[in-house]
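Residue numbers (UniProt numbering): 1 to 290. Since the structure comes first, as structure tokens, the remarks are kept for the end.
Below is the structure:
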């Protein structure tokens, strides 16, 4: 009987991610003069619109040296959340390179330009860096690679490419260039997980840590730096989700509010299972008495 009750609890104990906010480059997300209501943009950036392609934000100019960044105007008001960033690293030629791009979650309210992929080297929170330099290496891993650092009052050492705080960078395949990429940052029950998907492949777990120390009221930011030529950092979209401990009706793709019909199917299924279990339990008791 306890097994069936346990199954019932499992069905209704998982997270569902509800869409809280998304970045849009059209009204009402952006007004007539190009000002975003959700993000503040800094240094070198351009909002690019083509009738035959998606609108996107390009950080940095095509030819270096150039830096660009953005920071959310509103905080993430949840302890449990997910941020999905869709972006592309456009490398039109074999000899086209950029320095790299950084993503972070922090309680810092101010964007400060610097040499840590366009942002200041000092930070507190979670920092994700994706290095695209032509000749770059940290902790024995060559570019392109992705690395994560998490903590308070950290200082990114530019001379060592952050080897003082990024301990386990992950080398990436060259197919990350000119492909659709999704970076996912999740903080669930104080457990932080960073995953990356590119070239239409599934998510690869890059980093995971318990007791992340990241709580609600954080802001999200992106920056990039380009000292070379003919390389693009395109931010296509950003989606922020809150994570709630309610019924989950599907596990693939992006998870939204469960459909009522599916919820009722699961409820009926669970009730039937419990009823069968109770019937077998009572039948077993009668057989034992006989």
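Note that beta-carbon positions come from the ideal geometry of N, C-alpha and C, so glycine has one too. Please read all numbers here as calculations on a predicted model, not as lab measurements.
Subject >> Nearest-angstrom Cα separation, counted from residue 276 out to residue 233 >> reply: Mapped onto the chain shown, residue 233 falls at position 233. Mapped onto the chain shown, residue 276 falls at position 276. So the two alpha carbons sit approximately 58 Å from each other.
**OP:** Please go through the same chain and pick out, in chain order, the residues whose beta-carbon is closer than 8 Å to the beta-carbon of residue 44, but skip the five residues on each side of it.
**Re:** For the purposes of this step, residue 44 is identified with residue 44 of the chain shown, where counting begins at 1. Taken in chain order, the residues that qualify are 59, 60, 61, 66, 67 and 68.
**OP:** Tell me whether the beta-carbon of residue 82 lies closer than 8 Å to the beta-carbon of residue 243.
**Re:** In the chain shown, residue 82 corresponds to position 82, counting from 1. In the chain shown, residue 243 corresponds to position 243, counting from 1. Yes, these two residues count as a Cβ contact at 8 Å.
Subject >> Opposing strand residues paired with residue 192 [DSSP bridges] >> reply: Locating residue 192 in the chain shown gives position 192, where the first residue counts as 1. Its beta-bridge partners are 187 and 209.
Original post:
At which residues does the beta strand (DSSP E) containing residue 131 begin and terminate?
Top reply: Taking the first residue of the chain shown as 1, we reach residue 131 at position 131. Note, residue 131: beta strand (DSSP E), 122-131.
Original post:
Among 131, 227, 49 and 78, which one has its Cα closest to the Cα of residue 105?
Top reply: Against the chain shown, residue 105 aligns to sequence position 105. That would be 78, whose Cα lies nearest to the Cα of residue 105.
Original post:
In or out: residue 222 buried (at least 16 other Cβ within 10 Å) or exposed?
Top reply: Translated into the one-based positions of the chain shown, residue 222 becomes position 222. With 16 or more Cβ atoms within 10 Å of its Cβ, residue 222 is classed as buried.
Original post:
Comparing alpha-carbon positions, which option in 214, 74, 184 and 64 lies nearest residue 133?
Top reply: Here residue 133 refers to the residue found at position 133 when the chain shown is read from its first residue. That would be 64, whose Cα lies nearest to the Cα of residue 133.
Original post:
Using a Cβ-Cβ cut-off of 8 Å (strictly less than) and excluding sequence neighbours within five positions of residue 135, which residues of its own chain qualify?
Top reply: As a working note, residue 135 is residue 135 in the chain shown. Excluding residues within five positions, the ones whose Cβ falls inside 8 Å are 143.
Subject >> Expected contact under 8 Å - CB spacing of residue 169 and residue 138 to nearest Å >> reply: For this step, residue 169 is matched to residue 169 along the chain shown. For this step, residue 138 is matched to residue 138 along the chain shown. About 6 Å separates the two Cβ atoms, so the contact holds.
Subject >> Separation of residue 273 from residue 41, as counted between CA atoms >> reply: Position 41 of the chain shown, counted from the first residue, corresponds to residue 41. Position 273 of the chain shown, counted from the first residue, corresponds to residue 273. Straight-line Cα distance between these residues: approximately 55 Å.
Original post:
For the candidate residues 165, 185, 103 and 158, whose alpha-carbon lies nearest to that of residue 152?
Top reply: Taking the chain shown and counting its residues from 1, the one referred to as residue 152 is at position 152. Out of 165, 185, 103 and 158, 165 has the C-alpha closest to the C-alpha of residue 152.
Original post:
Which word fits residue 119, buried or exposed, when buried means at least 16 other C-beta atoms lie within 10 angstroms of its C-beta?
Top reply: Within the chain shown, residue 119 is the residue found at index 119, counting from 1. Residue 119 comes out buried.
Subject >> Neighbourhood of residue 121 by C-beta distance below 8 Å, restricted to the same chain and skipping five residues each side >> reply: Within the chain shown, numbered from 1, the residue matching residue 121 stands at position 121. Taken in chain order, the residues that qualify are 114, 115, 155, 156, 157 and 158.
Original post:
Along the chain, where does the beta strand (DSSP E) that runs through residue 147 open and close?
Top reply: Position 147 of the chain shown holds residue 147. Here the beta strand (DSSP E) through residue 147 covers 145-155.
Subject >> Minimum length 3: unbroken beta strand (DSSP E) runs contained in the segment 76-105 >> reply: 81-90
Original post:
Under the three-state reduction of DSSP, which class applies to residue 265: helix, strand or coil?
Top reply: Against the chain shown, residue 265 aligns to sequence position 265. Three-state DSSP puts residue 265 in a helix.
Subject >> Validate contact between the segment 194-208 and the segment 170-178 using beta carbons, cut 8 Å, 3 pairs >> reply: yes
Subject >> C-beta atoms of residue 194 and residue 148 nearer than 8 Å >> reply: The residue labelled residue 194 in the question sits at position 194 within the chain shown. The residue labelled residue 148 in the question sits at position 148 within the chain shown. Yes, the pair counts as a contact, with Cβ atoms nearer than the cut-off.
**OP:** Kindly indicate which three-state DSSP category residue 163 falls into: helix, strand or coil?
**Re:** Here residue 163 is taken as the residue at index 163 of the chain shown, counted from 1. Reduced to three states, the DSSP call for residue 163 is coil.
**OP:** Could you have a look at residue 278 and say whether DSSP puts it in helix, strand or coil?
**Re:** Within the chain shown, the letter at position 278 stands for residue 278. Three-state DSSP puts residue 278 in a helix.
**OP:** In angstroms with no decimal places, state the Cα-to-Cα distance between residue 224 and residue 101.
**Re:** Residue mapping note: residue 224 aligns to position 224 of the chain shown, counting from 1. Residue mapping note: residue 101 aligns to position 101 of the chain shown, counting from 1. Using only the alpha carbons, I get a separation of about 4 Å.
Subject >> Proximity of residue 55 and residue 46 at Cβ, strictly below 8 Å >> reply: Translated into positions along the chain shown, residue 55 becomes position 55. Translated into positions along the chain shown, residue 46 becomes position 46. No, these two residues do not count as a Cβ contact at 8 Å.
Original post:
First and last residue of the beta strand (DSSP E) that includes residue 58?
Top reply: Position 58 of the chain shown, counted from the first residue, corresponds to residue 58. 56-59 is the span of the beta strand (DSSP E), which, as asked, contains residue 58.
**OP:** Out of 202, 207, 230 and 211, point me to the one whose CA is closest to residue 190's CA.
**Re:** Along the chain shown, one-based indexing puts residue 190 at 190. It is 211.
**OP:** Ignore the nearest five residues each way along the sequence and tell me which others in residue 214's own chain have a CB closer than 7 Å to its CB.
**Re:** Walking along the chain shown from the start, residue 214 turns up at place 214. Here the set comprises 105, 125, 126, 187 and 192.
Original post:
Is any beta-carbon of chain D found at less than 8 Å from that of residue 206?
Top reply: Of the protein chains in the structure, only one exists, and it is not chain D.
Original post:
Pick from 96, 95, 167 and 109: whose alpha carbon is nearest that of residue 74?
Top reply: Counting from one through the chain shown, the residue named residue 74 turns up at place 74. Per the Cα distances, 109.
Original post:
Which stretch, first to last residue, makes up the beta strand (DSSP E) that contains residue 200?
Top reply: Your numbering for residue 200 matches position 200 in the chain shown. Unbroken run through residue 200: none, as it is neither H nor E.
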